[in-house]
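Asker:
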Amino acid sequence: MTEKKLELYYFEQCPYCQLVMSALRVTGLELKVKMLDIHEDHKIKQKLVELTGRSTVPCLFIDGKPMHESKDIANWIHRYAAELQGEEGRT
40 MTEKKLELYY FEQCPYCQLV MSALRVTGLE LKVKMLDIHE DHKIKQKLVE
90 LTGRSTVPCL FIDGKPMHES KDIANWIHRY AAELQGEEGR T
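Each residue of the sequence shown is one higher than the last, beginning at 40 in the numbering used here.
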């Protein structure tokens, strides 16, 4: 698998976001994902709306393509975790 650019739009108190963040912690991928808190800066939420037409979170961008729905995101994380972890040693 080629290296993936991962960005997660979220906010801390969102239970659906917590499910996704738990999957990231369990798989050890939290450091591979750029975390973008929509409540930290209004420009982050504005960018999410511009990119997707929606303001709902969580939204994981995988190489620029958005994925909504916390269960879908968590399943994707678990499915590809081993491959994504293996990218660290590649140049």
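We put the CB at the ideal spot given by N, CA and C, even for glycine. For clarity, every value in this text was computed on a predicted model and none was experimentally measured.
1) Once the 5 residues before and after residue 61 are set aside, which same chain residues still bring their CB inside 6 Å of it?
2) If we ignore side chains and look at the alpha-carbon of each, how far apart do residue 93 and residue 85 end up?
3) Using DSSP's beta-bridge definition, name the partner residues of residue 101.
4) Would you decide whether residue 113 is buried or exposed? Buried here means 16 or more other CB atoms lie within 10 Å of its CB.
5) By DSSP's criteria, residue 75 is part of a beta bridge. Which residues make up the other side?
6) Check the C-beta distance from residue 48 over to residue 109 and give it rounded, since I have them as a contact under 8 Å.
Answerer: Result, derived from the coordinates:
1) Position 22 of the sequence shown, counted from the first residue, corresponds to residue 61. Closer than 6 Å at the Cβ level, and outside the excluded window around residue 61, lies no residue.
2) Position 54 of the sequence shown, counted from the first residue, corresponds to residue 93. Position 46 of the sequence shown, counted from the first residue, corresponds to residue 85. Distance between the alpha carbons of residue 93 and residue 85 is about 10 Å.
3) Along the sequence shown, read from residue 1 onward, the residue named residue 101 stands at position 62. Its beta-bridge partners are 45 and 104.
4) The residue labelled residue 113 in the question sits at position 74 within the sequence shown. So residue 113 counts as buried.
5) Counting from 1 along the sequence shown, the entry for residue 75 is found at position 36. DSSP, once it has assigned bridges, lists 48 as partnering residue 75.
6) Against the sequence shown, residue 48 aligns to sequence position 9. Against the sequence shown, residue 109 aligns to sequence position 70. Wrong, their Cβ atoms sit about 12 Å apart, outside the cutoff.
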